[in-house]
Structures are given as C-alpha cells and as structure tokens.
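Position one of the first sequence corresponds to residue 281 (the working numbering), numbered consecutively onward.
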Amino acid sequence: MGKKNKGKGFEGGIASRAEDFSRWYIDVVKKADLADHSDVKGCMVIKPYGYGIWENIQQSLDKRIKATGHLNAYFPLFVPESFLKKEAEHVEGFAPEVPWVTHVGEEPLDERLAIRPTSEAIIGATFARWIQSYRDLPLLINQWANVVRWEKRTRLFLRTSEFLWQEGHTCHRTEAEAREETIKMLGVYHDFMRDEMAIPTIRGIKSEREKFAGAVDTYTVEAMMGDGWALQAGTSHFLGQNFARAFEIKFLDEDNEHKFVHQTSWGVSTRLVGALIMSHGDEKGLRVPPRIAPIQAVIIPILRKDSAAATLEVANKMADDLRASDIRVKVDDRDWLNPGFKFHDWELRGVPVRIEIGPRDIEANQCMVARRDTGEKEALSLDGLAAKITEMLDAVQAGLLAEAEAFREANTREVRDFEEFKVLIAEGKTFVRAPWDGTTETEDEIKALTKATIRCIPLEGGEADRADRDILSGAPAKHIAIFARAY
RNA sequence: CGGGGUGUGGCGCAGUUGGUAGCGCACCUGCUUUGGGAGCAGGGGGUCGCCGGUUCGAGUCCGGCCACCCCGACCA
C-alpha cells in the first residue's frame, strides 16, 4: 500500500522534469499514451490520444488556412528524380535524406522516384500546367500529407523519419504580393499557436545558413521549450522565382508579356505536438491547452458498492449536460481502478479539468472540480455547472499562455559581452539577444564555440543600433539576432 | 559515420565460480475494497536478439552478425 513509495519510484511514474528533461519528455510521450517507437527505425506510431491532439491542431489550423483564402488539394507521394533535380539548391539540401523507389516487383523503374521530403518539385510541375494567365493568380493551395526525411537521429514527434504536416504552396503575380503572403502565413502560425496552443512564438527571419534549400528567404516562428531550448515550430518561405524558373511556371500578364510567378511555401508538422508537451508539461506530466485537448473534462465517479449505479447515472447525466455546452467530456467508469489511480492517470495525460462526483457530493448537490494547471480544487454546485466549467477551461487556456510567456521573458537576455554570452548559453536555459555582423563565418564560429545557433533575426527588435558591435567579431552589427541551443 | 552502452515473459529488471530461469509492475479468476497510484488468495505467459563454436551440459565462456539506446558529427 505505502502511498509514500508511490511517487518517483513508482513504476507508473515519470522522470523528474527538473532533473532530466529529455528522459521526462520520453516518459510523458509514452506514459500519456501519445506515441510509441515503431518497428521501422526512426518512425513512430501515433496512438489515439496523441493523434487526437494532432487532429485538433489540424482542424483548428485548417480553418485558419481556409479563412485566408487557401484551398486544400492532394499531390503524389512520389517525386520523379528529374523533377527533384530541377532546382539545384533544393536537391542538394534534401538528397542525403531522401529514400528512393527503384523497382516495382522485380522490374526496375525507368526513372526512380523519390518519396517526397517536401512537395515543391511535384507541385511546381503541376502549377506550371494550371497557370496560364494573370487571371489564374494568386493560386493559393494547401495540402495535408505525410513526408519522409531519413534522419540519422530521431526523437518522438520532434524529428521522425516520417511525419505528418501541412504544406501551403502559393503563386503570385508580384514579388510584393508573394512577400506579403509569406509574412501573412507566418502570422497565421503565430496567432494559431498563441490562441489555440497557448504557445508564444517569436517571428523572425532565418540566417542564410539555416534557410530552406531553394528559398530566397525563410521565416520562422521560434518557441522556447520548458528547458530554455529553442524549437522551430513553423516556417514560411519566400521562394522568389527559383522554382518558377526551374519548372517554368509562367503567366501571361496584362501587358501581354510572359512572366514567372513569385512563390511561397509554408508548413507546420506533428512536431507541434512535441512543442506542446515541452511548453506546458510539468512534474506531473502533460498539460494540454483546453482548445486542443481531446478530453477537456474528465468525470471520475466515486463508485461504492451500494451506490455505484446511482452515482454513475448522475455522472453520465452531468456528461450529457456538459456535452450540450460543447465541452469534450469523458466519464471514467472503470470500476476496477480506484479514484486515486485515476486522478494520477488523467493528470499525467494532461486533461485540463477533473470533476469528482460521489455519494457525498450528490447529497449536497455539488461536485469537486480540479484544475490541471494550478492544481486548485473546489466544490461547485451541480446547477449551472456547464457554464462554470466553460469559464474554467478558458481560465486554464489563458493561464497556460501567461505561464509560457512569463517563462520566456524570464529566460531571455540582451547581451553585449561574449563572455557573458558563453556562460548563458552553456547554462542552456536562455534566449540570448545579441548583435551579429550578418556573416556566416561569425555564425559558424559562434556555433563551434558555444553550440548556440541563430534562431532568427526577430521581425520586432532585430535592428541593430549604429553603435552595436558583433558579439564575437566586433565588426559593426547588422542585426540583433536571437541565439539559443535548439532542438 | 566515429565513441560508449544494452539486448532475459507486455514493461522494468535480477541471474554468483557454466548445472536447464526468477522478481516487481501489468494481465486473468474470486472475494473484500474504492474521496490521491488498494488488499488477500489462486492463475496464465519466456526456443534468454540471431548464427556458429567450446563443453557431458551455455542466459552465463568464445567468435561473428543484427537491432536498439546514449554522446558526438550531421540534420530547410
């Protein structure tokens, strides 16, 4: 029995988040039933609960993508080698991690097929046929798909050989319009992550070294994880006319001239589930923001032999009432587990609100309600419960965002001295804002010396002062960049 | 691709100097429990990663292979 022993040492427990963050992450993914390693190296099995989170991310983001005028379509998984090779930088960037289909049965194919690492090539070739006139523009397409990048080192959700994502591909008449689209979709990601996932992100532009193979400019939304490391949560690329030239995506303009389109592409992936875990998790496990949670409230009936049926009936009725108010509810009616076990179980899975209902409560026309984010527990009347739960879910949503914002603020520093820079990075918990001379040489040297990479030059606050000198080289600074250890 | 480590019931592990496999959790049955990880009793489940060698006998010793994990390199 010994309840005291059932903390850390308990078999069902997880590693301490404070002591071993990466072990904690794996434990949460597995014990909260989000995903598992598969029989294929580097690939994962996304389990129903984890997939439920992804589905909510998908549905919610899909609405925003459609609300900005984009339409969903689907393109092939296979990319002919000749297509992939058309954009030189692109193929060079992806070649090392592309798996190839070379045979059908025993017959070799005339041309081998890449399993898509991303779809610029196959979509570009298609767009060339779709577009004739300036009246066909802008062309605003999105696809939900799986892609494959054969990674040498993988981590559940954060970097797997196959992953699920969304990739937007657009064509525009002018560069200005395409650039505007690039920034607009970066904003859609930023707002989506803030409003739905309670994850604050920094919008910025990537350095030459970190940008997408084939892009002119790559923009990113960078998030700070619970250990202070950075995670690129989404990207938006201004492709210029690189792919348009490679695939001859041309249109006849008003002035009767053939012109190449200006393109963008942008994406987020199942990595967002990893971002969610590492942003909001705590020592007890996962904390899922209510708007994304597959289960927003779990009802735990306190079942006693003599009153079990009556208690269950009240619990089920309560669930129906909450569902009528669009709350996603589950009644945990497993009669072979005691309440204490269930409390821990649902806390580990991060369900935002827990409702306990037992004989004593029923008598008093109340229930006990606990918030996952703060741990606060209070008695609430059964009358008008749905409205109060809805209110509480909003409070949890806001609370998680506020906590994440405060954490990032507390762990961001503006630095002008390289010694201080080194110390902060070595401690590994900080976003360091520092002047950069804009050269790849300096960027590489800083990385070699400290392991810190330039996450981005933030769109807000990325301008260097005239007096600023590069943190390492001492040369006049071109930007204020954000440096951090990154996943 | 370099360095290190680990492969034994579903999971986590133990297994002395070689003698034919065990523990915890989980699972099944029954009874008692149930408001912070329940108790008792009974029960099911393993060709010890693979191949070969040494030996009367190998989870244990030797050789080869494979897989996975950790650290690095690499990774829009």
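In this text, a Cβ means the ideal position worked out from N, Cα and C, and glycines have one as well.
- Nearest neighbour of Asp319 by Cα position, chosen from Lys622, Ser441, Pro376, Ile575, turns out to be Ser441.
- Comparing alpha carbon positions, the residue from Ser753, Glu400, Ser487 closest to Gly494 is Glu400.
- Each residue's CA atom was taken as its position, placing Ile337 and Asp535 some 43 Å apart.
- The alpha carbon of Val676 has as its nearest neighbour, out of Gly547, Asp600, His449, Val649, the alpha carbon of Val649.
- Counting C-beta atoms within 10 angstroms of its own C-beta, Ser487 has 16 or more neighbours from the protein chains shown and is therefore classed as buried.
- Excluding sequence positions up to five before and after Lys464, its CB lies within less than 8 Å of the CB of Thr348, all in the same chain and listed in chain order.
- The distance from the Cβ of Ile485 to that of Asp497 is about 6 Å, consistent with a contact at the 8 Å cut-off.
- Between Arg483 and Trp616, the alpha-carbon positions lie close to 49 Å from each other.
- Annotation: Ser487 is outside any beta strand (DSSP E) and is labelled neither H nor E by DSSP.
- In this structure, Thr591 sits near Pro639, with a CB-CB distance shorter than 9 Å.
- Here the alpha carbon of Ser362 sits roughly 59 Å from the alpha carbon of Ala667.
- Taking each of Asp507, Tyr767, Val501 in turn and checking the Cα distance to Ala513, the smallest one comes out for Val501.
- Look at the beta carbons and you see the stretch 452-466 not touching the stretch 698-714: under three pairs across the two are nearer than 8 Å.
- Taking a C-beta distance under 9 Å as the contact criterion, Ser559 and Ile479 qualify as a contact pair.
- The alpha-carbon separation between Ile582 and Ile575 amounts to approximately 19 Å.
- Comparing alpha carbon positions, the residue from Asp586, Tyr469, Lys622 closest to Ser340 is Tyr469.
- By the neighbour-count criterion, in which a residue is buried when 16 or more other Cβ atoms sit within 10 angstroms of its Cβ, Arg614 is exposed.
- Under the three-pair Cβ rule at 8 Å, the stretch 544-555 does not count as touching the stretch 598-606.
- Taking 9 Å as the cut-off, the beta carbon of Leu420 is found no closer than this to the beta carbon of Trp410.
- Looking at the backbone, the Cα of Glu537 and that of Asn422 are separated by about 28 Å.
- When beta bridges are read from the DSSP output, Arg749 appears opposite Pro756.
- The C-alpha of His759 lies about 37 Å from the C-alpha of Tyr414.
- By the C-beta criterion, the stretch 421-439 is judged to be in contact with the stretch 309-329, since at least 3 inter-stretch pairs fall below 8 Å.
- Counting only unbroken stretches of 4 or more residues, the alpha helix (DSSP H) elements lying wholly within the stretch 613-689 are 619-628, 639-644, in sequence order.
- The shortest CA-to-CA distance from Arg765 to any of Trp509, Glu335, Arg489 is the one to Trp509.
- Rounded to whole angstroms, the Cβ separation of Arg634 and Val594 is 16 Å, and the two are not in contact under 8 Å.
- Nearest to Pro356 by C-alpha distance, out of Leu628, Arg396, Phe523, is Arg396.
- Around the beta-carbon of Arg629, 16 or more other beta-carbon atoms lie within 10 Å, marking it buried.
- Going by DSSP, Pro581 is part of the beta strand (DSSP E) stretching over 577-581.
- Where Val384 is concerned, the enclosing beta strand (DSSP E) starts and stops at 380-384.
- No Cβ-Cβ contact shorter than 9 Å links Gly565 with Glu490.
- Taking a contact as a CB-CB distance under 8 Å, the pair Phe472 and Val553 does not count as one, their CB atoms being some 14 Å apart.
- Residue environment analysis places Tyr767 among the buried positions, since at least 16 neighbouring C-beta atoms fall within 10 angstroms of its C-beta.
- Assigned with DSSP and collapsed to three states, Lys727 falls in helix.
- Comparing C-alpha distances from Lys727 to each of Gly742, Ala744, Ile705, Asp748 shows the shortest one belongs to Ile705.
- Between Ala690 and Ile751, the CB-CB gap reaches or exceeds 9 Å.
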